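Per the UniProt record's numbering, the very first residue in the sequence shown carries number 1; after that it's consecutive. Think of the CB as a built atom: it goes at the ideal place given N, C-alpha and C, for glycine as much as any other residue. Note that the structure is predicted; figures quoted are calculated from it, not measured.
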Amino acid sequence: MSDSIDSDPKTTLETLISSLSTVENSLESLLENEGSSTWSEKVEKLSMMDRAKMDVLVSYTVNDLIWIYLKLKGVDPEKHEVTGELDRIKTYYTKIKSIEEPDTRRNKIDQSAAHRFIKSSLPRSQHLPPTSAAQLAAQQAQNAVAEQEQEESLRRLSKAGRFRFIEKEGRETIIPGQGGEDEDMEEDDDAGTEGEGDDGVNAEEFLKGVEEEMKGQ
């Protein structure tokens, strides 16, 4: 109640009159020489784009004037059908504007959208990370180093085992009767030497006996 008392209707009326004057000046070119030509004849002289603009402009102007009239009468225009009609006309105005001034940004490629589209088209088995090549090369190098270390370890183990065997042989103690082939060969040599000594003694005694027999004759 206090807002209605404090508001000055004179200011609102002056703003309305100024707006109506602007509308009349805008429609003057269409309303002049009204009797000489019809609306259809005037519209036919315009291009397709200008004709669409004119239809939207006139429709919006008429419905907007109705909206103002309802407001002056104290009727809430938001609850009237004219509000829905104004919203519908605004959609046509947006379409005309998009055709007249196309958005140049749409010509650019949306890289993220293209990446998602390509990724969804590929089989799941081919979804490799960007660094798969580098990871594969690193894995191969790591495997080669591991194989080289394993070969070196085996070579060291075989060499150490060989020397341990030689060292063990050098420290091996020969037990009589368990000397193997070397001990047997030594025993054979000793036996042969002893045999040769016995044969020499027998031959000497035999020769002495023969010599004594010859002397007795």
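Under the 10 Å beta carbon count, Val23 is surrounded by fewer than 16 other beta carbons and is classified as exposed.
In the structure shown, Lys73 adopts coil according to DSSP, grouped into three states. In the three-state scheme derived from DSSP, where H, G and I count as helix and E and B as strand, Lys45 is classed as coil.
For the set Trp67, Thr38, Leu86, Glu44, the Cα lying nearest the Cα of Leu57 is the one of Leu86.
Arg51 is the residue among Gln148, Ser26, Arg51, Leu46 whose C-alpha sits nearest the C-alpha of Tyr93. When DSSP states are grouped into helix, strand and coil, Pro102 belongs to the coil group.
With contacts defined by Cβ atoms closer than 7 Å, Ile99 and Ser59 do not form a contacting pair. Distance between Lys95 and Lys10, taken at the CA atoms: about 38 Å. Taking C-alpha positions only, Gln111 is separated from Glu28 by approximately 51 Å.
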